[in-house]
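Peer 1: Under the numbering used here, the very last position in the sequence shown is 348; numbers go up by exactly one each time.
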Amino acid sequence: MADIVRFVVQQFGETKLKATENFWELVEKEEYFQTRTVNDVMVYPLRKRNPFHPIPRGYSLFAVMEVLARERGLHRVPIIDHDFHLTHLVTQSQLVSFLHKNLDMLGDVKNKPCHMVTGFGTGAICIKQDATAMDAFDMMIRENISGLGVIDDDGKLTGNISLRDLKAISNDARMFWRLYEPIKSFLHHVTDVDLEADPEKMRPRRVLFAKESDTLESIIKKLSEHNIHRIFVVDTNQKPMAVISLKDLLYEIITSF
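So this is what it looks like as structure tokens:
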């Protein structure tokens, strides 16, 4: 979705996209866009930001977890049969959900405080809540990450925005103009889309965060129960100190055994 959005923005520009309520009305007037192909948007071989790493279905779940934990930019693994046909997709979220249901399998690892997670303290990349959603997505692509913390003028965490939130331009991609709204307004649209699609999977209405003393078990529960991909660790003033992503969590688990 990020590739498509970036391609659309490059082709039409802010002026045209902000001037129309319905993107498809704009497309009807642009012959160039109508003739573009998938290859124009996503060049093969895939970039490092979009790695493709299929795994045969006879391999262990640990093998899938390891590649998802170690390979940067990889968020889902295709499972293939002996004829190289796709049979399933395994995502980071599915693995964390599985771990949540089987916490006893982790032994003492689940009791490790989150400040001992590998890489903790390297900082959390954030953006002010009055920046535009387009500014946020540009930063994600530039930094090769999938999410940002959202902060107020005092540096206090007020939420987060991720590539998944591109769904706020609507399921049929009509509302590209929303990309130029302030992040705070844009995220309200995300909530509306979630509520309409599946109320049980909508983003949390309150700000979710962790503290340094929280255990991996606590982090796993929050990520799984709220269907989120990262959680920010804050200090006593609710200012972000670090971020723990699904990948960070999986990496910590596979390197602990």
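Note that beta-carbon positions come from the ideal geometry of N, C-alpha and C, so glycine has one too.
1) Considering only the alpha carbon of each residue, which of Ala-224, Ile-311, Lys-258, Phe-103 lies closest to Pro-204?
2) Checking 8 angstroms against the spacing of the C-beta atoms, do Phe-114 and Ala-215 come in under that value?
3) Measuring only the C-alpha atoms, how far is Leu-180 from Lys-109?
4) Relative to the C-alpha of Asn-262, which residue among Asn-318, Glu-287, Asn-202 is closest?
5) For Glu-162, which residues of its own chain have a beta-carbon under 7 angstroms away from its beta-carbon, when the five flanking residues on both sides are left out?
6) Does the beta-carbon of Ser-336 have 16 or more other beta-carbons within 10 angstroms, so that it is buried, or is it exposed?
7) If I'm right that Ile-345 touches Ala-160 with Cβ under 8 angstroms, what's the distance once you round it to whole angstroms?
8) Among Glu-308, Asp-339, Arg-321, whose alpha-carbon lies nearest the alpha-carbon of Lys-201?
9) Just list the beta strand (DSSP E) runs in the stretch 265-327, keeping only unbroken ones of 3 residues or longer that don't cross its boundaries, in chain order.
10) Between the stretch 322-340 and the stretch 167-179, can you find at least three pairs of beta-carbon atoms closer than 8 angstroms?
Peer 2: If we stick to the structure as given:
1) Ile-311
2) no
3) 36 angstroms
4) Glu-287
5) Pro-142, His-144
6) buried
7) 5 angstroms
8) Glu-308
9) 321-325
10) no
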